[in-house]
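33 is the number that this note's numbering gives to position 33 of the sequence shown; each next residue is one higher, with no gaps. We put the beta carbon where it would ideally sit given N, CA and C, even for glycine. A quick note: this is a predicted structure, and the numbers were derived from the prediction, not measured.
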Amino acid sequence: MALIDKEQVAKRFQTAQFSYAQQAIAQQKINQRLIELLQTSGRHQFERVLEIGCGTGDLTERLIKAVKITELDLNDLYFSDNVRQSLQQNRYANVEQVRFIGSDIEQLTLTQPYDLIISASTVQWLHHKAAFLAKCAQHLNVNGMLLFNTFAPNNLMEISTLTGVGLSYPTAAEWQQWLKPYFALEHLSTETIRLRFDSPLTVLRHLKATGVTAVEKTIWTKGKLQQFCQAYQQRYALADGSVYLSYVPMYFVVGKLVLD
1 MALIDKEQVA KRFQTAQFSY AQQAIAQQKI NQRLIELLQT SGRHQFERVL
51 EIGCGTGDLT ERLIKAVKIT ELDLNDLYFS DNVRQSLQQN RYANVEQVRF
101 IGSDIEQLTL TQPYDLIISA STVQWLHHKA AFLAKCAQHL NVNGMLLFNT
151 FAPNNLMEIS TLTGVGLSYP TAAEWQQWLK PYFALEHLST ETIRLRFDSP
201 LTVLRHLKAT GVTAVEKTIW TKGKLQQFCQ AYQQRYALAD GSVYLSYVPM
251 YFVVGKLVLD
């Protein structure tokens, strides 16, 4: 399987940064669910926290409102001036220190242990997921927590079915196998977030506006676009003539194993 071009991923998300907040409805629901899982854990205070793939800062904002953090490290492939300014304008009432780390998390050398590592809708882009989990375990304190979501193999299946284009998402069983040497599984769940759109064309606009089409440069000729829209309308229409698109996030809450 070909590795994901992370530079292309970064460029697509940079292009989408101004429309992301309005269009990323599914991602915002996912962020809120992650915070709910964090609150359910009963932990409301953390010394050091690392957020991987902070993007435009939606999860960051929810996180700092939900728990008290002494030191917060925000990581992403790239911080534009607009995103950095937006994040800095947040009122970090529950955070004493914030650092911005613009780097590929798989290449980044972490220098301190964390009490919480959290990541939303990011790990599906990583090249070496098992190695990433090992790295997280290595840099979590005893009783540290890793909280993240990824997506199930049938995520955005409407798009992959009609175009043959899409990420290859590992199964929940594969993730559990990778987690097993380092973590105790505390929570695993899957949900389907089905979004409604007026037409197949607005589905494509939504994907472009959120940057999640970064898997491939798709060239839409007039004929190809018409064929796609007709097939989408036939297969995925609702009773009122609108169409739907399905996000299928998987949520993981794991605690670091204490090895004898």
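Under 8 Å between C-beta atoms of residue i and residue j
i	j	result
Thr163	Phe252	no
Pro200	Gln177	no
Leu72	Val49	yes
Leu257	Ala173	no
Asp77	Val98	Note that residue 77 is Leu in the sequence shown, not Asp. No; because the gap between Cβ atoms is not below 8 Å, this pair is not in contact.
Ser121	Asn149	yes
His139	Pro113	yes
Thr190	Ala152	yes
Leu59	Leu147	no
Ile117	Ile52	yes
His44	Lys68	yes
Phe197	His187	no
Own chain, CB closer than 6 Å to residue i, minus 5 neighbours either side, in chain order
i	result
Gly194	It is Arg, not Gly, that sits at residue 194 in the sequence shown. Answer for Arg194: Tyr244, Ser246, listed in chain order.
Asp115	Phe46, Glu47, Arg48, Asn141, Gly144
Assigned exposure category for residue i - 16 Cβ within 10 Å defines buried
i	result
Thr40	exposed
Ala239	exposed
Pro249	buried
Gln226	exposed
Ala16	Only weak support is given to the placement of Ala16: the predicted model assigns it a pLDDT of 45, under 50, and the value that follows is read from those uncertain coordinates. With 16 or more other Cβ atoms within 10 Å, it is buried.
Leu179	buried
Leu204	buried
Gly55	buried
Trp220	exposed
Nonlocal neighbours in the same chain, by C-beta distance under 8 Å from residue i, ignoring five residues either side
i	result
Phe132	Ile105, Glu106, Val123, Leu126
Glu96	Ile69, Thr70, Glu71
Contacts around residue i, its chain only, beta-carbon distance under 7 Å, and the 5 residues preceding and following it disregarded
i	result
Gly166	Leu156, Ile159, Ser160, Val215
Ala137	Tyr182, Phe183, Lys256
Ala134	Tyr182
Ile30	Ala120, Ser121, Asn149, Pro249
Gln28	Asp58
Ser19	With a pLDDT of 45 at Ser19, under the threshold of 50, the modelled position of that residue is not reliable, and no figure is offered here.
His128	Glu106
Q | Any alpha helix (DSSP H) of 4 or more consecutive residues that is wholly inside the region 134–194 | A | The region 134–194 contains these whole alpha helix (DSSP H) runs: 157–163, 172–179.
Q. Which whole runs of the beta strand (DSSP E) in the region 19–65 are 3 residues long or more, in chain order?
A. Those beta strand (DSSP E) runs which fall completely within the region 19–65 and span 3+ residues are 45–52.
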